[in-house]
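Numbering-wise, numbering that gives the first Met the number 0 puts 14 at position 15 of the sequence shown, and it's gapless, one number per residue. For reference, the structure is listed below as structure tokens.
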Amino acid sequence: MSLTRERDGLCDAPVGIFDSGVGGLTVAREIMRQIPNEKIVYFGDTARVPYGSKSKETITKFSRQIVHFLQEQKVKAIVAACNTASAYALDEIEKEIDIPLIGVVKPGAKAAAEATRNGRIGVIGTEGTIGSHIYSTYIKEIDPDITVMGKACPLFVPLVEEGLWQDPVTDEIANRYLGSLIDSDIDTLILGCTHYPLIRSTVGKIMGESVTLVNPAYETARELKALLADENLLNEKGPELGGNRYRFYVSDMADKFQTFANSILKYGILSAKKINIEDY
Ligand code: DGL
Numbered sequence: 000m001s002l003t004r005e006r007d008g009l010c011d012a013p014v015g016i017f018d019s020g021v022g023g024l025t026v027a028r029e030i031m032r033q034i035p036n037e038k039i040v041y042f043g044d045t046a047r048v049p050y051g052s053k054s055k056e057t058i059t060k061f062s063r064q065i066v067h068f069l070q071e072q073k074v075k076a077i078v079a080a081c082n083t084a085s086a087y088a089l090d091e092i093e094k095e096i097d098i099p100l101i102g103v104v105k106p107g108a109k110a111a112a113e114a115t116r117n118g119r120i121g122v123i124g125t126e127g128t129i130g131s132h133i134y135s136t137y138i139k140e141i142d143p144d145i146t147v148m149g150k151a152c153p154l155f156v157p158l159v160e161e162g163l164w165q166d167p168v169t170d171e172i173a174n175r176y177l178g179s180l181i182d183s184d185i186d187t188l189i190l191g192c193t194h195y196p197l198i199r200s201t202v203g204k205i206m207g208e209s210v211t212l213v214n215p216a217y218e219t220a221r222e223l224k225a226l227l228a229d230e231n232l233l234n235e236k237g238p239e240l241g242g243n244r245y246r247f248y249v250s251d252m253a254d255k256f257q258t259f260a261n262s263i264l265k266y267g268i269l270s271a272k273k274i275n276i277e278d279y
């Protein structure tokens, strides 16, 4: 199997990563750190963000279009670096394709179940993710005695997309959203939206030091690495430097995305290209 794949150039193929916008860059950043040999094709659906307030049908349609686009880029595996897409679309689309597809929810649930000491976990995320109760489902599969409390924080995504990571407006809104969780005696809080690690310090300040913040990106990158190893798909070649290593596509506002991505990734992004995702 390994030899065939190597001959087909599959190991050298990129990993596809997608999100509604810039949030998935927090997962891409972790994948770049943990498996630096891997090439990446990233798609941010900047024309249709936010995903969190849309229906399951809509998010499944969007995710399917993006998966088709990434398949056309000849990726060897896909990471849905979006909790909402992971919650709504993953199970269905996984059955339709012949390459591995992983999300961020399962790895995040696992990391949180391992982190909690008092068996009380909070999750913050979009309305879609929290309404789906997906974190609670996965956590209870691991340990049915754990209590999971969810809180939707719909204004966080636009605040992050606008770059207001450290701003009194974000502090004010975070205080309102997190109040009920502070009172509920949780010792672990999942950042259940890939945009949220960018306001981690604000959330951490409000929740206090006794609450462990879980960013599913770390566990997701670990899971991807293990999966690629299992399937003999790890890229054993040294990291290729230059334009072809990391490629970024968006559905709108390529310049804004590029500036944003350059501010959070330590690898210079040469360009972000706009494509028409409705064609897929
Ligand atoms: N970053 C995504 C998530 O993890 C989507 C947020 C949104 O577009 O509402 O859910």
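In this text, a Cβ means the ideal position worked out from N, Cα and C, and glycines have one as well.
Subject >> Inter-residue Cα distance where the pair is K236 and H194 >> reply: 31 angstroms
Original post:
Within 7 angstroms: the Cβ of D186 and any heavy atom of the ligand DGL?
Top reply: no
Original post:
If you run the structure through DSSP and keep just helix, strand and coil, what is R47?
Top reply: coil
Subject >> Outcome for T219 when other beta-carbon atoms lying within 10 angstroms are tallied against a minimum of 16 >> reply: buried
Original post:
In angstroms, rounded to a whole number, what distance separates the CA positions of R244 and L232?
Top reply: 17 angstroms
Original post:
Within the chosen definition, does the segment 130-148 reach the segment 82-102 through at least 3 CB pairs nearer than 8 angstroms?
Top reply: yes
Original post:
When you compare only the Cα positions, how much space is there between E277 and N82?
Top reply: 22 angstroms
Original post:
When every heavy atom of the ligand DGL is checked, does at least one fall within less than 7 angstroms of the C-beta of P35?
Top reply: no
Original post:
the ligand DGL heavy atoms versus the CB of G51: any closer than 7 angstroms?
Top reply: yes
Subject >> Alpha-carbon spacing of V159 relative to T115, whole angstroms >> reply: 27 angstroms
Subject >> Boundaries (first-last residue) of the alpha helix (DSSP H) holding G107 >> reply: V104 to A114
Original post:
From this set, L264, P35 and G121, which residue's C-alpha is nearest S179's C-alpha?
Top reply: G121
Original post:
Using a Cβ-Cβ cut-off of 7 angstroms (strictly less than) and excluding sequence neighbours within five positions of D11, which residues of its own chain qualify?
Top reply: N234 and K236
Original post:
Among all the DSSP beta bridges, which residues are the ones paired with V346?
Top reply: What is shown of the chain runs 0 to 279, which leaves residue 346 out entirely.
Original post:
Taking just the CA atoms, how far does L154 sit from M148?
Top reply: 19 angstroms
**OP:** Check the Cβ-Cβ distances between V78 and every residue of chain B, and say whether any is below 8 angstroms.
**Re:** Absent from the structure: chain B. Only one protein chain is present.
**OP:** Starting from the C-beta of V48, find all residues in its chain whose C-beta is less than 6 angstroms away, skip the five residues before and the five after it, and write them out in chain order.
**Re:** S19 and G20
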